[in-house]
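Following: one structure in C-alpha cells, then a few remarks.
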Amino acid sequence: MSLIVRQTGSALTGVRRGTEENIHDAVGPPDTFRSMDLDQTLTRRMHDLYTGLHANPELSMQEHQTAELITSRLEAIGAETFRCAGTGVVGILRNGEDPVVGFRADTDGLPVAEDTGLEYASTARGELPDGTEVPVMHACGHDTHVTAALTAAELLSAQQGTWAGTIVFIFQPGEETAAGAKAMVDEGLWDRAPRPEIIYGQHVMPQPAGTVRVSRGTAMAMADSWKVTVYGSGGHGSQPQDTTDPIVLAAHMVVRIQTIVSREVDPRDSAVVTIGSFHSGLKENIIPATAEFTLNVRSFDQQVRDDVLGALRRIISAEAAASGAPEPDIAEISTFPRCYNDPDSADALLTALRGELGEENVEESRPLMGSEDFGALAEAIGVPSVYWFFGGHPPEMFDAGSQVPSNHSPQFAPVMEPTLTNGVRAAATAILSRLGT
Ligand code: ZN
Ligand code: ZN
Numbered sequence: 425m426s427l428i429v430r431q432t433g434s435a436l437t438g439v440r441r442g443t444e445e446n447i448h449d450a451v452g453p454p455d456t457f458r459s460m461d462l463d464q465t466l467t468r469r470m471h472d473l474y475t476g477l478h479a480n481p482e483l484s485m486q487e488h489q490t491a492e493l494i495t496s497r498l499e500a501i502g503a504e505t506f507r508c509a510g511t512g513v514v515g516i517l518r519n520g521e522d523p524v525v526g527f528r529a530d531t532d533g534l535p536v537a538e539d540t541g542l543e544y545a546s547t548a549r550g551e552l553p554d555g556t557e558v559p560v561m562h563a564c565g566h567d568t569h570v571t572a573a574l575t576a577a578e579l580l581s582a583q584q585g586t587w588a589g590t591i592v593f594i595f596q597p598g599e600e601t602a603a604g605a606k607a608m609v610d611e612g613l614w615d616r617a618p619r620p621e622i623i624y625g626q627h628v629m630p631q632p633a634g635t636v637r638v639s640r641g642t643a644m645a646m647a648d649s650w651k652v653t654v655y656g657s658g659g660h661g662s663q664p665q666d667t668t669d670p671i672v673l674a675a676h677m678v679v680r681i682q683t684i685v686s687r688e689v690d691p692r693d694s695a696v697v698t699i700g701s702f703h704s705g706l707k708e709n710i711i712p713a714t715a716e717f718t719l720n721v722r723s724f725d726q727q728v729r730d731d732v733l734g735a736l737r738r739i740i741s742a743e744a745a746a747s748g749a750p751e752p753d754i755a756e757i758s759t760f761p762r763c764y765n766d767p768d769s770a771d772a773l774l775t776a777l778r779g780e781l782g783e784e785n786v787e788e789s790r791p792l793m794g795s796e797d798f799g800a801l802a803e804a805i806g807v808p809s810v811y812w813f814f815g816g817h818p819p820e821m822f823d824a825g826s827q828v829p830s831n832h833s834p835q836f837a838p839v840m841e842p843t844l845t846n847g848v849r850a851a852a853t854a855i856l857s858r859l860g861t
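Heads up: the sequence shown begins at 425 in the numbering used here, then just goes up one per residue.
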C-alpha cells in the first residue's frame, strides 16, 4: 500500500494525493500540538495503517484480516493478546498491575459502495449473513478508531516511564449489528481480561477535525428494532368480505403507532419511533395474506423505553384484535443499550482533554440520538465508562450552506490529519489521566 499525502498545505486539510518525498512536510504536528509527541516514524506508520485498513474493510463479525493485523501489531509491542467472539481481539499492556483501564475500538465496516474518490478507497466486497454479495466500506470511520487505538498502544508502550498500571485494549467486532459487545461479554471477555476500573471509547464524527465533544450523563440513545408480521387472510380483491385485509390492518397500526410519542410520552422526555419499511402484496386485485413492517425506537431513559415498547405491543395486538385477525408476530432485530457517561469521570476527562488539546478544541455536548453497543462492555461488570466524539472533517466544511456527508454515507471521508493524531492524543490522554505518573 502506498503512502498518500497532500502535495502542499497544512496538516489540517484533505489528504488525497502526493508522493513519499513530501511526507515530511505534510505530516508535521498540527499547530495545537502540546505535549504528546508522535514522531514522524510513528506518524508514517499510522497513516500507512489507516490507508490499509480503509482499503480493506470487512463486514460485521467477519473482521478476520483486521483481527489478524491488530493481533500482530499488538504482539509486536509486547502486549498479551487473546481472541474473543471470533474476530474480537483483546490486547493487554502491562506496566505494573493496578490500576487497570479499558479502551475500546470497534472494527467493522458497512455494506456501502464507497464514493469518496480517495486514492485508498475501498473496492472490497463481502457477503451478508443471508448470502447477498455487497460492496463494503468503512463508512462509519471505524478504521480511524482502530488506527488511533493501535497507535496509542504503540505510543504508550514506547513511553513506559510516563505511566504505571495495566491497559486493556478491546478491539470489538460487529458494532453495526449490535452483536459484538454482547458476544465478547458472553464469550468470557471479563473472565479472561483484567477488570478495568473504567472503560473509554471514541467515535469519529462530522465535526471539525481537531475537536473533541464529550457529554456528561447520557451520550447516546438506546435503540430497539423489530420486525412485525401481521396475519390476515387473503382473497380476491372484489370480495373483501371473505378476507381480513392485512394492508388496512397494518396501515392502522402504523398510524396509531405514531401517536405514542406525541400522545403518550411526557413532552419533557425524548423518544423516536420510525417505521422504516412496509411490505405487502403483489397485485392490485389480490388481497394478500400478510403484511410486514420494521420499526426502530430510540430513547434515553429506561422507563421511557419500557413505556414505548409496551405501547407498541399493546397497539399491535389491539389493532389485530379490532380486525378479528390472529395475534401478529414480533421479532427483535437488534437492541442497543444506553451509552452513559459517568458524570464525574466525564468531568475529569474534559479537564484532561482541555489540557492536552486546548480549551478551544474540547466541548461539552448534548447526547446524540444515534446508538452504540459500547455501553454493554462496562455495564457487564458494573464499572463506569466515558465515550466521546472526535472530529474528522476540515473546519471550512462546516461553513454555512455546506453539507458534510454523515457517517454511513458513501461519501463519508475523514481527512487523515489532524483527525488521526487527535484521535491518538484523545485516547492516550484518557488513559494517562488514570495511569499517568
Ligand atoms: Zn455506524
Ligand atoms: Zn460507528
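Even glycine gets a Cβ: it sits at the ideal position worked out from N, Cα and C.
Every value quoted in this text rests on a predicted model; they were computed, and no experiment measured them.
For residue i, the residue or residues it bridges with in DSSP
| i | result |
| --- | --- |
| Q596 | D530 |
| Q626 | W812 |
| P559 | R549 |
| M644 | C763 and L792 |
| L719 | W650 and I699 |
| D730 | D730 pairs with nothing; no bridge assigned. |
| D554 | Per DSSP, none; premise fails for D554. |
| D753 | T653 |
| C508 | G512 |
| P632 | H817 |
| W587 | G860 |
| H660 | I710 |
| G668 | Just to set this straight, residue 668 is Thr in the shown sequence, not Gly. S657. |
| V786 | V636 |
Near ligand 2: residue i beta-carbon under 7 Å from a heavy atom
| i | result |
| --- | --- |
| N831 | yes |
| E599 | yes |
| H478 | no |
| H566 | yes |
| H627 | yes |
| D725 | no |
| D797 | no |
| D690 | no |
| D530 | yes |
Whole-angstrom distance between residue j and residue i, CA atom to CA atom
| i | j | result |
| --- | --- | --- |
| F814 | V848 | 10 Å |
| G705 | I671 | 8 Å |
| H372 | E538 | Nothing can be reported for residue 372, as the shown portion of the chain is limited to 425 through 861. |
| L901 | R616 | Residue 901 falls outside the range modelled here, since the chain spans only 425 to 861, and no answer is possible. |
| L781 | L859 | 18 Å |
| F822 | E611 | 43 Å |
| A713 | D648 | 27 Å |
| T432 | E504 | Bear in mind that a pLDDT of 29 at T432, under 50, signals an unreliable position, so the number given afterwards is only what the model happens to contain. T432 and E504: Cα-Cα distance of roughly 41 Å. |
| E743 | M646 | 26 Å |
| A469 | V839 | Per the sequence shown, residue 469 should be read as Arg rather than Ala. So the alpha carbons of these two residues sit roughly 16 Å apart. |
| K651 | D771 | 40 Å |
| Q827 | V786 | 23 Å |
| G794 | A563 | 15 Å |
| A695 | F724 | 7 Å |
| L856 | V638 | 17 Å |
| E416 | I622 | In this structure the chain extends from 425 to 861, so residue 416 is not present and cannot be described. |
| T775 | A576 | 19 Å |
| A491 | I516 | 15 Å |
| P791 | L493 | 33 Å |
| S657 | S747 | 11 Å |
| V514 | T861 | 24 Å |
| P620 | H676 | 49 Å |
| G520 | L580 | 13 Å |
| I681 | R692 | 19 Å |
| F506 | T698 | 39 Å |
| P523 | S758 | 34 Å |
| F457 | A850 | Confidence is the limiting factor: at F457 the pLDDT is only 39, short of 50, which leaves the residue's position unreliable and the question unanswerable from this model. |
| Q835 | H471 | 20 Å |
Heavy atom of ligand 1 within 7 Å of residue i beta-carbon
| i | result |
| --- | --- |
| C763 | no |
| C508 | no |
CB contact flag (residue i, residue j, <8 Å)
| i | j | result |
| --- | --- | --- |
| G526 | V609 | no |
| G512 | P597 | yes |
| L844 | Y544 | no |
| V560 | L483 | yes |
| T653 | P752 | yes |
| A643 | C508 | no |
| G799 | P761 | yes |
| G700 | N720 | yes |
Short CB-CB distance (under 8 Å) between residue i and chain C
| i | result |
| --- | --- |
| D530 | Checking the listed chains, one finds no chain C in this structure; it contains a single protein chain. |
Review point. Whole alpha helix (DSSP H) runs in the region 832-861 with 4 or more residues, listed along the chain?
Key: 843-859
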